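First up is the structure itself, then whatever we jot down about it.
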Amino acid sequence: MAKQVVVDPISRIEGHLRIELETEGTSITKAWSESTQFRGIEEIVTGRDPRDAWAFTQRICGVCTSVHAIASIVAVENALGFNPPTQAKAIRDIVLTAQEVQDHVIHFYHLHALDWVNVPDAMNADPAKTAAFAKSIGSTWKGNTVERFTEVKATVKQIVESGQLSVFTGGYWGHPAYKLPPEANLMAVAHYLDALEFQRSMIRIVTVFGGKNPHPNFLVGGMACSIDPNKSETVNQVQLDDIAGWIAESKEFVESCYLPDALAIMTVYKEYFNIGAAQPNFLAVGMSGATYGGDPNVGLNTSPHAAVKPGVILNMDLDNVQPFDPKLITEWTSSAWYEYTEGDVGLPPAQGETTVKYTGPAVPYKWLADHPQYTWCKAPRYDGKVMQVGPVARVLLAYARGHERTKELVGIAAKQIGITPAQMNSTGGRTLARCVECVTSVESLQGIFNTFVDGLKKGDLDVFDSTKWEPSTWPKEAEGYSFVEVARGNLSHWVKVSDGKISHYQAVVPTTWLAGGRDKDGNQGPYEESLAGNGKHPLVDPAQPLEVLRTIHSFDPCMSCAVHLLDTEGQELQVVVQ
Amino acid sequence: MSYELGGWSEPTLEENLIRQGFDRRDFLKYCGELAAVFTVGGAVLGSATPAAAAPVTAAKVAEELGALKKPVVVWLQLQECTGCMESALRSGGTTIEEAVLSLLSVEYNELVMQASGEALNKALDDANAQPHILVVNGSVPTKDGGIYCTINGESAETILKKSAANASAILAVGACAEWGSVQASNPNPTGAVGVDSIIRDKPVVNVSGCPPIGDVITATIAYVLTHGSLPSLDAQGRPLFAYDQRIHDSCPRRAHFDAGQFVRTFDDDGARNGWCLYEVGCKGPSTFSACPIIQWNQHTSWPIGAGHPCIGCTEKNFFDNFTPFYQTLPNVSGFGIEANAEKVGWGLVGATAAAVGIHAGITAAKHSASRKAAEGNEPLQAFGDSERVWLPTPKKADAPEATATPEAPQADAGTTDSKDAE
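Note that the protein sequences, when read in sequence, are chains A and B.
Quick note on numbering: the working numbering labels position 156 of the first sequence as 156, and the sequence is numbered without any gaps.
Whatever position you read off the second sequence (first residue = 1), add 1000 for the working numbering.
Shown next as C-alpha cells:
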C-alpha cells in the first residue's frame, strides 16, 4: 500500500522547497515538487526606473548574487540600445565566472557533501592514513597534512562528545547508505572547512569591481568601477595583482582538492549514475558565463565561451544537437497557484502573465498534492518538452559540440568511475558535471582576466557608455531580453520600457525549469521525474530521506530564484510570478 | 585553523558562572528571573508554545541552563534570498566555522544542516524548548493567511512566534528581517513585515543591510556571547558599534564633497580621481553604516570605494525612499557644505531621518531603560564584563500593522523620545 511521505523543509538549498512523495516498499512511486515561498519582486519593479531594476532583481537571490543583476542590465541595455564598452563586459565576465566557481565549490562542500560524507564517522579515522588516502586519490591539496587532519579530527570529536552537535544535530548519521571509509570522511570534513576559507577569499575578486559581496553593485551601460593603471582611486596594479593571486588560488583549490574529491566520492557512490534520471532533454546557450543581449543566434553580447554555440539536446542524442530558438519557450501554470486569462495554456515569457490564484489548503496544512495546484513555481517548457538546464546541460552541449577540454575531463571521469556519457543524466551525473564545469570555468577565468589586463595595457580604459544614460534619449516604447548561463543553468530576463519606466518584467530562471510541477499533459517537472520517473528511486527510511536529498541536491535548488516574478502589463492586480 | 572558545572557558554555563565568582544562589536567582520571563512570553504568545505547555520553574531552568555547554542558536530563514547567510559565511572576523563549531551550537538552520524534514523539525522543536539565541533572516508575509511563505506547512509568522517564545536574545539580521526589504517595497504584494512588527514583547536587535557586512553579523553574535548583553542600539534597533556613523561623515571621499568636487557621469575624470558621488545619487549623507570603516570581504573594498554610489541599504524602506537610485538627493542651493547636505538628507527621508537625527538621545534613553530592566542579573557577567542587557526587556511597539498579538497600546518610540533630541 502506498505510503505518503513529506520532506519539508529540504535543507541545504537556497529558499523553501517541500517534497511530497508516495512510496511502495522502499521505492518512490510518485513525487511532487512544491515551492512554498512567493515574493512578487517583478510587480515591485514595474513602474520604476529601468536603471534601478538590477538592484531589485539582484535580491531575487543572494546565493547566485550578481547573476540576476547582470541579466537585468543586459536586458535593459538590449531594450534601450546601450553599447557597454569591451572592458566593462570583460569585468562582468570575470564577475560571472568567479561567482560560478565559488558557487559550485560551496554547493559541493557545504550543500551537497553531507549527503555523501558521514561527519561523526570522521572521528574514527587515523590522521596518518587519511593523509595517505588523500594522496591515493590524487589530491595534492596543501591542506592534506597529518597535523591538519589531527586537528580536524579533534574538532569533530569534541563536538560529538559534547552532545551538542550544532549544525550536525538530527543528522542521518546511522543511515546505511553512507559508504565512505572513515579516512575519506575525515578528509572531506577537513576540505569542508578549507572550502569555507576558500570561498571567503576568492569572492574578493567580485568585491574589487562591485564593492561588496553578496549583492555587489552594477551599472546599466557598463561598470561603475573606473580602471586606470596610473591612478590610485581606480582599479589599478594593486588590485590586478590581488586578483591574479586569487585566481591562482582558485585554480589550485578546484584542481587539487575539488576535482579529486568529487571523482573519489562519486566513484564510491557509482550506483547514483543509475539513479535520478530526469527527462533526457537539455538546453543551454553556451558554456557557463555565456551572455547574450537579445536572440543568442543573432548577436554575441559577450562570452568567454563563444566556441560553444547555443543548442538543445533531445532524447540524449549527442550526435544531433538541435538549434535553440528562444521563441519556443513557454510557461505553464497547470500545477501552480496562478491563472491565465486564456486558461491552461503555455505562454512565452514576453507575453507572460501570472495572476495569483491560491487554491491550496489553509495554513497550517499537512498535504498539498491532492490539489491540482501545489506550488508557487511555474513550469517552463521548450517546444512543449521538459528540459534540464544547468551544468549537466552545458557539459553535455560542450561535449556534443566537441569542446576539447570538456571532452577530456568527461573522458577521465567516465573512465575512472566506469560510466558512459549517457549516464550523466542521473543524480551522480549532475554532481559530476558541476565539478567538470568548475574546472573549465576556473581555467577560463585566467584567460578572461588576461584579456582584460591586455586591454588595460593597451590603454583601453573605458568602462561606461554614457550616450544612453539620459531617459530623454530612450524610445517611447522599448523591449529587450537577455540570456545568461549562470551557475544553476539558463537564465533569461525580459523587460519592456514605456515612457522611461518599466512596464513589464519577467525572468525565466534555472530552478523554475527544474523545480516546476506538472504541465497540462501531466508531464512531471525534472525534480519530480528524477524521483518518480521509473518507480525505482530508493527511499529506505522515510524518516531519514537521505536518498531524496542526494537527488534533489544534485540539481542545486535555488527556490527564491524559481519564484519571484510578476507582470502588471495592462492589468492592475495581476500578479505574475515568473 | 584552530577553534577557540572565546568567552566560554568552562564546559558549562554554571561552571563559567562559578569561575566568575557567582554562587549557586545567584545562579538560581538568575534562573528564576529567566523562568518568569519565559512564562510571561508563553502567556502572551498563546498556547502553541512549549513554554506555555509546561510551566517553567527556576529549578527547571537551572537544570537545563546549568548543563548547557554552548549557547543554543535557532537561525531561521523566512521570506528572503539567503544573501544574509551567504554574507555570514564570508565573515572574516569571527568566522562562520568558529561561530558554528566552537562558540555556538546552531541547532536549527535550513541552509547548513544535514537533516531535513521530520528530523530537522524535531531539532527546531527541541531547540525552541530551551533558552536560545534566535537569529532571523527574512521577512514575514502577513497577507492571505500566511500562504506566501510556509515551512513544514506552517506560516512564517507561526514559526517565528514559536521560536521567539523562549529566545533570550533576538537578532533580526538583514533588511528583510528588519523591515521587509525588497518584497515590502511598494506595493508590498505579500504584506511583508520585519521581525519587530511581530515580536513586540522582547527587544529585537536589527543588524541592518542588504545584506549586512558578514563581520557585523558574526560580531553581533559574538558581542552577545562575550558581553552577556545586547549591544547598545540606535533608534532603529541597530547596534551602535556598526551603525553610529553616517557614511558621509566617515567617507574617504568627504573632502571632495566639501571641496565641491563631484563625479558628474560615471567614468569621467572625477570618477577616476575618486571624487564625491553625491551628484550621481549617493545616499551616504542619509545612511548610517560602518561600510567605509569595516569595509567588505576582508577589507577588500566597499561600494563607494569601488565607484558606485551608496544605495543606502542599511536604512529602512530604502527601495522606496532612495529610488531612483541615481537621482541626486533633493537639491538645495549652495550644496557643497556639510550643513546643507544634512538638510538634504533629513528632508528626503522624512520621519525616518528625523528619528536618526535624534538617535543619540533616543539611544541614551533606551540604553538606560535596558540597564534598568537588567538589574539583578549579575550572573550574565560571566560572559564578559560589560553592561548586562541580555535578558528580554519589553519593546515598544512602533509598527502597528500586521500582527495578531494582543497587547496594550503603547506610546510611539519616536514621539516619546523626541524631546531628547539635541
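Idealized CB from N, CA, C, for every residue including glycine.
The model shown is predicted, which means the values in this text are computed figures rather than measured ones.
Query	Result
Does the beta-carbon of M559/A have 16 or more other beta-carbons within 10 angstroms, so that it is buried, or is it exposed?	buried
Classify G1376/B: buried if its beta carbon has 16 or more other beta carbons within 10 angstroms, exposed otherwise.	Its pLDDT being 31, under 50, G1376/B is placed unreliably in this model, and the value from its coordinates should be taken loosely. When all chains shown are included, G1376/B counts as exposed.
DSSP beta-bridge partners for F1319/B?	Looking at the DSSP assignment, F1319/B forms no beta bridge with any residue, so it has no partner.
Is D499/A buried or exposed, if buried means 16 or more other CB atoms sit within 10 Å of its CB?	exposed
If you draw a straight line from the alpha carbon of V548/A to that of T57/A, how long is it in whole angstroms?	31 Å
Just to confirm, are W376/A and G221/A a CB contact at a threshold of 8 Å?	no
Return the first residue and the last residue of the alpha helix (DSSP H) that L409/A is part of.	E404 to I417
At which residue ranges does the stretch 1086 to 1170 of chain B contain complete alpha helix (DSSP H) runs of 4 or more residues, listed in the order of the chain?	1117 to 1128 and 1156 to 1165
Quick one: which chain B residues come within Cβ less than 8 Å of T207/A?	W1296, N1297, T1300, S1301 and A1306
If you follow the beta strand (DSSP E) that H493/A is part of, which residue opens it and which one closes it?	G489 to S498
Which runs of the beta strand (DSSP E), 3 residues or longer, sit entirely within the stretch 9 to 70 of chain A?	17 to 24 and 27 to 35
In chain A, which residues lie less than 8 Å from T1190/B when you measure between Cβ atoms?	F38, R39 and G40
Would you kindly check if the distance between the Cβ of V1135/B and the Cβ of W1075/B is under 8 Å?	yes
Under 8 Å between C-beta atoms, does Q237/A make it to chain B?	no
Any idea what DSSP makes of G1237/B, helix, strand or coil?	coil
Closer than 6 Å by C-beta to S1155/B: which residues in its own chain qualify, once you throw out the five before and the five after it? Chain order, please.	G1146
Got a sec: is the Cβ-Cβ distance from I1210/B to anything in chain A below 8 Å?	The question names Ile, but residue 1210/B in the sequence shown is Cys. So, interface residue.
Would you identify the three-state DSSP class for V392/A, choosing helix, strand or coil?	helix
To be precise: take each residue of the stretch 362 to 373 of chain A, compare its Cβ to all Cβ atoms of chain B, and keep it if any distance is under 9 Å. Which residues remain?	A362, V363, P364, Y365, K366, W367 and L368
How do the stretch 1211 to 1230 of chain B and the stretch 1238 to 1245 of chain B stand: do at least 3 beta-carbon pairs fall below 8 Å, yes or no?	yes
Of all the residues that make up the stretch 1151 to 1168 of chain B, which are near chain A by a beta-carbon distance shorter than 8 Å?	I1151, N1152, G1153, E1154, S1155 and T1158
Within the same chain, show all residues whose beta-carbon is closer than 6 Å to that of G1284/B, passing over the 5 residues directly before and after it, in chain order.	I1247, H1248, C1251 and C1310
Within the stretch 231 to 275 of chain A, note down every full alpha helix (DSSP H) run reaching 4 residues or more, in order along the chain.	237 to 253 and 259 to 268
Measure the beta-carbon distance from H104/A to E437/A and round it to whole angstroms, keeping in mind my assumption that it falls under 8 Å.	7 Å
Mind pulling the chain A residues with CB within less than 8 Å of A1088/B?	Result: empty, since nearest Cβ-Cβ is about 10 Å, beyond 8 Å.
Return the residue from the list W367/A, T140/A and V160/A that minimises the CA-CA distance to D8/A.	W367/A
Check whether the stretch 501 to 514 of chain A touches the stretch 309 to 316 of chain A, counting contact only when three or more Cβ pairs, one atom from each stretch, lie closer than 8 Å.	no
Evaluate contact between the stretch 115 to 129 of chain A and the stretch 163 to 177 of chain A, counting only Cβ atoms and requiring at least three cross-stretch pairs below 8 Å.	yes
Against chain B, with Cβ distances strictly below 8 Å, would V6/A count as a contact?	yes
Can you tell me the Cα-Cα spacing of R430/A and F555/A, whole angstroms?	7 Å
How about L1171/B: is its C-beta nearer than 8 Å to some C-beta of chain A?	no
Between the beta-carbon of I106/A and the beta-carbon of F209/A, is there less than 8 Å?	no
Give every residue of the same chain whose Cβ lies closer than 6 Å to the Cβ of F1325/B, excluding the five residues on either side of it in the sequence, and list them in chain order.	G1281 and I1311
To which residues of the same chain is Q102/A closer than 7 Å at the C-beta, ignoring the five residues directly before and after it?	Q199, M202 and I203
For D1320/B, which residues from the same chain have a beta carbon less than 8 Å from its beta carbon, with the 5 sequence-adjacent residues on both sides left out?	S1185 and N1186
Residues of chain A with a CB under 8 Å from the CB of L1104/B: which are they?	S166
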